[in-house]
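The numbers in the numbering used here rise by one with no breaks, and the one at position 248 of the sequence shown is 795.
Structure first, then comments.
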Amino acid sequence: MNLAQFKQGQWNTAEIVKSDSISLHPGAHVLHYASTCFEGLKAFKHADGSINIFRMEQNIARLIQSSELLALPPVNAEQLKQMIVDLVKRYAAEVPLPPGSMYIRPTHLGTEVSIGKAAAPSNESMLYVLLSPVGDYFAGGSKPLRLLLADEARCASHMGVVKSGGNYASALQPIMKASKEAKADQVLFCPGGDVQETGAANFILIDGNEIITKSLDSSFLHGITRDSILTIARDRGMTVSERALTVDELLERSAKPNTEAALSGTAAVLTPVGTLIHQGKEYTVGSGVAGATTNALRQALNDIQWGKAEDKHGWLTKVC
Ligand SMILES: Cc1ncc(COP(=O)(O)O)c(C=O)c1O
């Protein structure tokens, strides 16, 4: 991993070190007050052997925002970019060919030894970048997902934009309950009927030529895949409606035969949703199978990532 530390108001020079352990004082701020955030992005190997990272600047910007909202020391965008590029370059030979990729996990922790600082930020931190080769989420053909619509929030309403462990921990019990009681793959969090996101992906509804998804606010994570899919959809002449979507409207539109629903995310890419479960009743979305538009949008995104289509928005950073 590539590791840098923030002490006495500045970052030291990052260093590539073994990723088997880190050393933390048991009183470190992160272990008590959850001052931590992370990112997830991918590098792809193209047919010409080059290695290309997808939308790195956006992930770095999101980590900077998460760090700021958690009052962690300020991340230096240039330094983090160099840390990611250097590490990916060093392990270029281990980036799998598509549909595989190299998953990149930048992580930022508050390390100040400060049990007494429950109401004060950590003035020291650790930033590291981990790598892991990953396979294809779709290997073996994916079955459309079953989502349980829950009338609760995934996390505090001002924290949705922060990619922080606490948000994932607070969603675990509802997700485990949905799996056990409704055999659901995921929970779609819809507090007060407002369709937000699932535990680890954004939600989009496709009705004919229109894509409907919640407009950006502080309550959910602003997915970079979401933005990429919406951009590709606009390029293809689809109507993109970023606006509030209620559970009532979602269920009503889902009943139409041509409606499709999908989850977007770095891991999910664009995964079809076949069934919605609401108050004990099951609703099939459209025909219940992966829709043609979902498949086409996923393919269009993969084609850019895999170097098979023109990268006209400049989303790829070639590292070697
Ligand atoms: C809660 C949550 N929402 C949405 C997303 C999608 O974000 P992105 O497309 O940037 O991966 C993720 C991560 O994949 C997530 O964990």
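Think of the CB as a built atom: it goes at the ideal place given N, C-alpha and C, for glycine as much as any other residue.
Just so you know, these numbers come straight off a predicted model, no measurement behind them.
Using the DSSP secondary-structure output, state which residues sit across from residue i in a beta bridge.
i: residue 655; result: 584, 674
i: residue 806; result: 754
i: residue 744; result: 736, 749
i: residue 819; result: 809
i: residue 553; result: 558, 672
i: residue 825; result: 828
Less than 7 angstroms separating the Cβ of residue i from some heavy atom of ligand 1?
i: residue 587; result: yes
i: residue 849; result: no
i: residue 744; result: yes
i: residue 637; result: no
i: residue 811; result: yes
i: residue 657; result: no
i: residue 768; result: yes
i: residue 841; result: no
i: residue 771; result: yes
i: residue 599; result: no
i: residue 749; result: yes
i: residue 814; result: yes
Which class does residue i belong to by DSSP, given the choice of helix, strand or coil?
i: residue 834; result: coil
i: residue 629; result: helix
i: residue 774; result: helix
i: residue 650; result: strand
i: residue 501; result: This structure does not reach residue 501, given that the chain is present from 548 up to 867, and the question cannot be answered.
i: residue 709; result: coil
Taking its Cβ as the centre, do 16 or more other Cβ atoms sit within 10 Å of residue i, making it buried, or is it exposed?
i: residue 718; result: buried
i: residue 789; result: exposed
i: residue 631; result: buried
i: residue 754; result: buried
i: residue 851; result: buried
i: residue 648; result: buried
i: residue 860; result: exposed
i: residue 687; result: For residue 687, the predicted model reports a pLDDT of 47, less than 50, meaning its position is unreliable and no value from the coordinates is stated.
i: residue 722; result: buried
i: residue 710; result: buried
i: residue 705; result: exposed
i: residue 644; result: exposed
Quick check: is any heavy atom of ligand 2 less than 7 angstroms from the C-beta of residue i?
i: residue 704; result: No copy of ligand 2 occurs in the structure displayed; its ligands are ligand 1 alone.
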